[in-house]
Structure formats: structure tokens, C-alpha cells
Amino acid sequence: KRVEQIKLNAMLGFCEISTCRRHALLAYFDEASSEQCGNCDTCLVPVETWEGTEAAQKALSVIYRTDQRFGVSHLVDVLLGKETDKILQFEHHHLPVFGIGTELDSKEWQSVFRQLIAAGHVIADADRFGGLVLTEKCRPLLRGQESIRFRKDPVQKTAKRLTKTPLPEDIDVALWEALRAHRRDLAEEQGVPPYVIFHDSTLQSMAELMPSTLEAFGDLPGVGTRKLDKYGQGFINIIKQH
1 KRVEQIKLNA MLGFCEISTC RRHALLAYFD EASSEQCGNC DTCLVPVETW
51 EGTEAAQKAL SVIYRTDQRF GVSHLVDVLL GKETDKILQF EHHHLPVFGI
101 GTELDSKEWQ SVFRQLIAAG HVIADADRFG GLVLTEKCRP LLRGQESIRF
151 RKDPVQKTAK RLTKTPLPED IDVALWEALR AHRRDLAEEQ GVPPYVIFHD
201 STLQSMAELM PSTLEAFGDL PGVGTRKLDK YGQGFINIIK QH
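Right under this line is the structure:
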């Protein structure tokens, strides 16, 4: 059953690719080809895509940080900052990649992983219970030397358009900017992108709920035990000033 699921995900990933299908097939069998066939559906009717380099780097990073032993579902939970029993068991809530992917939902992340598999950056190892393993091809992408675009799901796009809302009117703009400034300072000190500290959605929850204790702060989405201990009191102090 596990092998069948791996094959299904590979097939879905191939269906989701945004580039020439012949090119993808040749690449899968390690046959280089820079030419587009001009005959497949993606060549004849180009699909809508989105810039996915940063998302790909997050996906590849979480595979690496978890020792290339886990399947898609667990990796997505790590990216979304979910403290599941399995994540707590392996202490993955202490990893720097924990909760850095809240800008996408579970289905979108699953699509990212499938497309990375289809592109040859990742393989699913049946001998490791479907654990994802990085390939040599992913190195330039992980280092920022290459970029990648992912196929956009039109259904998900509609859903996001319907549900996406601007910053609520009842949020204190001064507090919002102060939280962002503090996040930016922390990111610069550590030499990491701001989203590694906290994503915008987590900052918005801080501004909306204004937690005044570490316990309340720990209940915010995207806040795991490690980030609570490391950043919690600093953000609480800023909240108390507004």
C-alpha cells in the first residue's frame, strides 16, 4: 500500500508540473533535454504558475532538517507549526523550520512536495516508509542559484481570493508596525529572513489577541515551544506597551 501511495503521488506530481511533459519524463530518466516538445498540453496551453523558489527552499530544508526520514504529511505538519504527537516525539518543534510555512495551507504544501518529486529534486524512498530524500539536483535550488515556478491550482486560487482579507480595522496599526520592526531586528541579528522568526499571520494574531502571558502567547498559531522560549517575552513586552 505504501508503494502504491508513492506511485500515486509521483503521478499526481507529473500531472501538476508546469513545464513540458516530455522534458520532465526525460529528466526523470536522467536524459538531458533543453528543448520543449511543442506538442504536449503544457506546451500548447501554458498553465498559470507562481514563483515558488522560497517555498521550495523551505520544503527542501524541512526534509534535510528532519534527517530525510519522513513522509509528506509529517513534513507539512512541521512547516505549519503543528505540535502533533509525532512531532513532539521526535522533538521537531525545536527545529528552526518549525512553523515557517504558514503562508500556504496543507494541500498547497502537498502540491509543492509532489512537484519537487516530479522535477527530480526529491525522491520518495519506499524502503524508508515513504520518507523523502534529497537528490543532487536540489543543491542549486536550495542554495538560491536556481529558481522554480509551481503550477497554480485554479480552485485554490479562487478559494484564497474569497477568503483573503486585509488587516482588520480593529488592529492597532502602531502595534502592528512595532511587532514587524521587532521581528525585522531579530532577523537581522540572526541573519535569517523575517518569516523564520514569525510569519505575518502570526504577527496579526499577536496584534488581534494581544497575549500578555507566555501561556497565552504559546497558544498563537505558528508559535511552538522553541519560539515561545526564544521570542515570547520580547514580543509580549512590545504588546504591553500598546
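Per the working numbering, the very first residue in the sequence shown carries number 1; after that it's consecutive.
C-beta: ideal position from N, C-alpha, C; glycine also.
Rounded Cβ spacing between residue i and residue j (contact assumed at less than 8 Å)
i: HIS242; j: ALA174; result: 6 Å
i: GLY99; j: LYS227; result: 7 Å
i: ALA109; j: VAL76; result: As written in the sequence, residue 109 is Trp, which differs from the Ala given in the question. The Cβ separation is near 4 Å, so the contact holds.
Option nearest residue i by Cα separation, candidates the options
i: ASN39; options: THR49, CYS20, ALA56; result: CYS20
i: PRO96; options: GLU146, GLY191, LYS152, THR53; result: GLY191
i: TRP50; options: SER111, GLU177, LEU220; result: SER111
i: HIS94; options: ILE236, ILE239, LYS230; result: LYS230
Local conformation of residue i per DSSP, three classes
i: THR165; result: Below a pLDDT of 50, predicted positions are generally treated as unreliable, and THR165, at 47, falls in that range; no measurement from the model is reported.
i: ALA124; result: strand
i: LEU80; result: coil
i: MET210; result: coil
i: THR158; result: Only weak support exists for where THR158 lies, its pLDDT of 40 falling under 50; the coordinates are left without a value.
Where the alpha helix (DSSP H) containing residue i begins and where it ends
i: ARG69; result: Segment: none, ARG69 is in no alpha helix (DSSP H) and carries neither H nor E.
i: GLU108; result: 106 to 118
i: ASP85; result: 85 to 89
i: ILE238; result: 225 to 240
N- and C-terminal bounds of the beta strand (DSSP E) containing residue i
i: PHE150; result: 149 to 151
i: LEU244; result: With the chain represented from 1 up to 242, any question about residue 244 goes unanswered, as that position is not in the structure.
i: GLU51; result: 49 to 51
i: VAL133; result: 131 to 134
Any chain D beta carbon closer than 8 Å to residue i
i: THR135; result: Checking the listed chains, one finds no chain D in this structure; it contains a single protein chain.
| said: Using a Cβ distance threshold of 8 Å, determine whether the region 133 to 149 contacts the region 94 to 111, with at least three qualifying pairs required. | reply: no
| query | Pairing CB atoms from the region 175 to 182 with CB atoms from the region 85 to 92, are three or more of them under 8 Å? | reply | no
| query | If we count Cβ pairs, one from each stretch, closer than 8 Å, do we get three or more for the region 113 to 121 versus the region 58 to 67? | reply | yes
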